[in-house]
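Trainee:
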Amino acid sequence: MKVRVQSQDFDITAEINDLRSGRTDIGAIVTFTGLVRDFHGDHIVRKMTLEHFPGMAEKQLREICQTAEGRWPLQGITVIHRHGPLKPGDQIVLVIALSAHREAAFEAAEFIMDWLKTDAPFWKKEETEQGAEWVAAKESDSQKCKKWQE
Amino acid sequence: MKVRVQSQDFDITAEINDLRSGRTDIGAIVTFTGLVRDFHGDHIVRKMTLEHFPGMAEKQLREICQTAEGRWPLQGITVIHRHGPLKPGDQIVLVIALSAHREAAFEAAEFIMDWLKTDAPFWKKEETEQGAEWVAAKESDSQKCKKWQE
Amino acid sequence: MELLYFAQLRETIGHGAETLSLPENIADVAGLIAHLREKGDAYRAAFDDKALIRVAVNQTHVSFDHPLTDRDEVAFFPPMTGG
Amino acid sequence: MELLYFAQLRETIGHGAETLSLPENIADVAGLIAHLREKGDAYRAAFDDKALIRVAVNQTHVSFDHPLTDRDEVAFFPPMTGG
Chain G
6 MKVRVQSQDF DITAEINDLR SGRTDIGAIV TFTGLVRDFH GDHIVRKMTL
56 EHFPGMAEKQ LREICQTAEG RWPLQGITVI HRHGPLKPGD QIVLVIALSA
106 HREAAFEAAE FIMDWLKTDA PFWKKEETEQ GAEWVAAKES DSQKCKKWQE
Chain B
6 MKVRVQSQDF DITAEINDLR SGRTDIGAIV TFTGLVRDFH GDHIVRKMTL
56 EHFPGMAEKQ LREICQTAEG RWPLQGITVI HRHGPLKPGD QIVLVIALSA
106 HREAAFEAAE FIMDWLKTDA PFWKKEETEQ GAEWVAAKES DSQKCKKWQE
Chain Y
-11 MELLYFAQLR ETIGHGAETL SLPENIADVA GLIAHLREKG DAYRAAFDDK
39 ALIRVAVNQT HVSFDHPLTD RDEVAFFPPM TGG
Chain R
-11 MELLYFAQLR ETIGHGAETL SLPENIADVA GLIAHLREKG DAYRAAFDDK
39 ALIRVAVNQT HVSFDHPLTD RDEVAFFPPM TGG
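Residue numbers (my numbering), protein chains in the order written: chain G, 6 to 155; chain B, 6 to 155; chain Y, -11 to 71; chain R, -11 to 71.
1) Okay, do the segment 29 to 36 of chain Y and the segment -5 to 8 of chain Y touch, 3+ Cβ pairs below 8 Å being the bar?
2) Do G:I31 and G:R25 have their C-beta atoms closer together than 8 Å?
3) Please name the residues in the segment 90 to 111 of chain B whose beta-carbon is closer than 7 Å to at least one beta-carbon of chain G, in chain order.
4) Please report whether the beta-carbon of B:P126 lies at a distance below 8 Å from any beta-carbon of chain Y.
5) Taking the alpha carbon of R:S9 as the reference point, which residue from R:A30, R:I21 and R:M(-11) has its own alpha carbon closest?
6) Among the candidates B:E132, B:M61 and B:I21, whose CA atom is the shortest distance from the CA of G:T36?
7) Let's test the definition: count the other Cβ atoms within 10 Å of the Cβ of B:I49 and tell me whether it reaches 16, buried, or not, exposed.
8) Report the residue from G:C150, G:Q154 and G:Q135 whose alpha carbon sits nearest the alpha carbon of G:D47.
9) Taking 8 Å as the CB-CB limit, is B:H48 close to chain Y?
10) Buried or exposed: which applies to Y:A5, given that a residue is buried once 16 or more other Cβ atoms fall within 10 Å of its Cβ?
11) Determine which residues share a DSSP beta bridge with G:P90 and list them.
12) Quick one: is B:G81 buried, meaning 16 or more other Cβ sit within 10 Å of its Cβ, or exposed?
13) Looking at C-alpha atoms only, which residue of B:R28, B:A33, B:R42 and B:T29 is the closest neighbour of G:R107?
14) Once you ignore the five residues that flank G:M6 on each side, which residues in its own chain have a CB closer than 6 Å to its CB?
15) Taking just the CA atoms, how far does R:L24 sit from G:F116?
16) Taking only the alpha-carbon atoms, compute the straight-line gap between G:W77 and R:N46 and give it to the nearest angstrom.
17) By DSSP, does G:W128 sit in helix, in strand, or in coil?
18) Let's test the definition: count the other Cβ atoms within 10 Å of the Cβ of G:F111 and tell me whether it reaches 16, buried, or not, exposed.
19) Examine chain G for any beta-carbon lying closer than 8 Å to the beta-carbon of R:A63, and answer yes or no.
20) Please list, in chain order, all residues of the same chain as B:W128 whose beta carbon is under 6 Å from its beta carbon, the five residues on each side excluded.
21) Closer than 8 Å, CB to CB, is B:A73 near chain Y or not?
22) Answer with yes or no whether the minimum CB distance from Y:F52 to chain B is below 8 Å.
23) For B:W120, which residues in the same chain have their Cβ closer than 7 Å to its Cβ, ignoring the five residues on either side in sequence?
24) Return the residues of the segment -8 to 15 of chain Y that lie within a Cβ-Cβ distance of less than 9 Å from chain B, sorted by chain order.
25) Going along chain G in order, which residues have a C-beta closer than 8 Å to the C-beta of R:A44?
26) For a contact defined as C-beta to C-beta under 8 Å, what are the partners of G:R191 on chain B?
27) So the alpha helix (DSSP H) G:T72 belongs to, where does it begin and stop?
28) Hey, R:F(-6) and G:P126 are a contact pair by Cβ (cut 8 Å); roughly how many whole angstroms apart?
29) Using 8 Å as the limit for Cβ to Cβ distance, is B:D43 near chain G?
30) Within this structure, are the beta carbons of B:Q11 and B:R87 separated by less than 8 Å?
31) Check whether chain G comes within 8 Å of R:M68, counting only Cβ atoms and requiring the distance to be less than that.
32) Can you tell me whether DSSP reads R:R25 as helix, strand or coil?
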């Protein structure tokens, strides 16, 4: 399991290759990449700043990955979350899940994203034409976590 | 929508960048990559050959992508399926789904993979220590398609 | 009509394509399969288990009761295993 | 104890970290919040809506009835919006 919180960008192919590192027993790789969008509701987003709680951010991401490893037969997980100033089109977060079987890889990646949204201490502040504003948490994100508890 | 059937390998980052091409309205990118595994049941796989039905393969992949586009709000899809001789660790198939929202991207990518498995004319022949053998279709793959019809 | 065979069917029959004049009394895919089975042991072996045969007419999946004309391209193959 | 504030709470309070001697009569997070609200308008504004406050003690999410000692690190922040 690789968990990184960093200001630098990341390359998906390079991260996959790093995770596979010569293994030939992997059948399925699912990646999720979250990007900064240029709109939020009807506001145009010019910039975004991602604040985080150093230490706890990494700890929470590791715990979410451990939960996923206990739940699905995974062959590797990478989670990278960026912090600091970002602009529309920039990559924010990367989740990679490796498994012998595609269903496990898909479910684990989606599970990690759903929990990361509500449990990992990151906060987005958007700069729009109407000024700078902290993004409000979405009730739909809490709902998405509940489906994994059924 | 980009659909390609080719013998050459592919690079995931390059394919994502090609699909995004300067857009800043995309929020979520999900990729699925299928790889040749070095085992099948208790047999060790040394090589694999992928046969396909030229023309119909591309047609079926396009139709599956069109169905996905009608079902989820997608901002782009790429499907690449390789044919010809492959070895363990080689990439077989790539699906990329772009959307403003992560749930749509996850579901569309999984939907395309499930249907591709049962509807796209590709056939795998594996070379193991016990000789060469055509891979039998799995009943579980047909079952996975049914869940999308509920 | 054009006939195409893929994977095990191609190997069992011994070739991947052939041209056939559709006999007038054959109305559908099932009839064509019965006709091909008369062509010899290889064909009979290839079409032995109908549960393992898929068919596409002009590159569209169809069932065994699909009607045929002499201008059709008919492809026979086992269940698909791509991805 | 160490107190940390993030995002809106940090901005409203005006700083991101401070040290506090935990008064002996404070037993839990809810008591600490009540105590901080007495420190002035900025604190009162920051802790105005408890529904929008999350708390972590020693980097673990806890509820408002979580007990506290003077050696704890307590972080206050709004609901998370990463990913």
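Each residue gets a CB set at the ideal place from its N, CA and C atoms; glycine is no exception.
Mentor: Judging by the given coordinates:
1) yes
2) yes
3) P93, G94, A105, R107 and F111
4) yes
5) R:M(-11)
6) B:I21
7) exposed
8) G:Q135
9) no
10) exposed
11) G:T54
12) buried
13) B:R42
14) C70 and I82
15) 37 Å
16) 29 Å
17) strand
18) buried
19) yes
20) E56
21) no
22) no
23) I69 and C150
24) L(-8), F(-6), A(-5), Q(-4), R(-2) and E(-1)
25) F58, M61 and P126
26) Nothing about residue 191 of chain G can be read from this structure; chain G reaches only from 6 to 155.
27) M61 to R76
28) 7 Å
29) yes
30) yes
31) yes
32) helix
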